[in-house]
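Notes to accompany the following structure.
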Amino acid sequence: MKRREFVKTGCSLCVALGAGMLVPALSSCSTPPVYKAEVLDGSVSIPLSLFNESEFQIVRPDRYGYDIGVQRLGDETYQSFALRCTHANNELSYSGNGFVCGLHGSRFDRQGLVTRGPAQQPLRKLPTNISGGNLVILLH
21 MKRREFVKTG
31 CSLCVALGAG
41 MLVPALSSCS
51 TPPVYKAEVL
61 DGSVSIPLSL
71 FNESEFQIVR
81 PDRYGYDIGV
91 QRLGDETYQS
101 FALRCTHANN
111 ELSYSGNGFV
121 CGLHGSRFDR
131 QGLVTRGPAQ
141 QPLRKLPTNI
151 SGGNLVILLH
């Protein structure tokens with residue numbers, strides 16, 4: 021084998037191996053599904069079937085200003101919270117297994133608890149109830 025072929029084959033092998041390791045790593049960083057919902061009478065309603073594929077959903081209510089994180093805790097137990105930083109009221113972005121504030125770097129886990137400041141308070145929980153195959157989230 022000539023030197024040029026050896027280098028070309030070696031580089032191709034490295035790229036293939038690197039891609040094989042990178043794809044699973046990136047898939048764990050993927051953003052959870054976002055469900056767009058209409059606000060009616062101060063609440064949003066989402067189908068419980070959304071949780072067949074994932075224990076966690078992000079809900080984007082129209083005219084609310086912030087996304088909502090919703091976690092299924094059990095068969096009929098859910099918790100939801102506004103994805104709004106408790107330090108400076110900035111919108112949060114999904115990052116790994118939690119949320120980050122781009123303004124000052126506060127981090128929260130999927131349960132809404134602070135994992136890194138400057139925020140000191142957990143995310144604001146929003147009351148939920150189940151009605152006719154839907155999860156109703158009260159925004160006020």
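The sequence shown begins at 21 in our numbering and counts up one residue at a time.
Where is the CB? At the ideal position from N, CA and C, for every residue including glycine.
- Straight-line measurement puts the Cα of residue 104 at about 12 Å from the Cα of residue 80.
- Contact between the stretch 82-94 and the stretch 130-147 is present: three or more C-beta pairs spanning the two stretches fall below 8 Å.
- In the three-state reduction of the DSSP assignment, residue 111 falls in the strand class, which pools E and B.
- Assignment of residue 70 by DSSP, reduced to helix, strand and coil, places it in the helix class.
- Residue 102 is classed as buried because its beta carbon has at least 16 other beta carbons within 10 Å across all chains shown.
- Linking residue 82 to residue 57 through their CA atoms gives a straight-line distance of about 6 Å.
- Restricting attention to 55, 156, 61 and 62, the CA atom closest to the CA of residue 76 is found in 55.
- Counting along the chain, the unbroken beta strand (DSSP E) around residue 81 starts and ends at 76-81.
- The alpha-carbon separation between residue 131 and residue 100 amounts to approximately 9 Å.
- The Cβ neighbour count for residue 126, taken over all protein chains shown within 10 Å, is at least 16; the residue is labelled buried.
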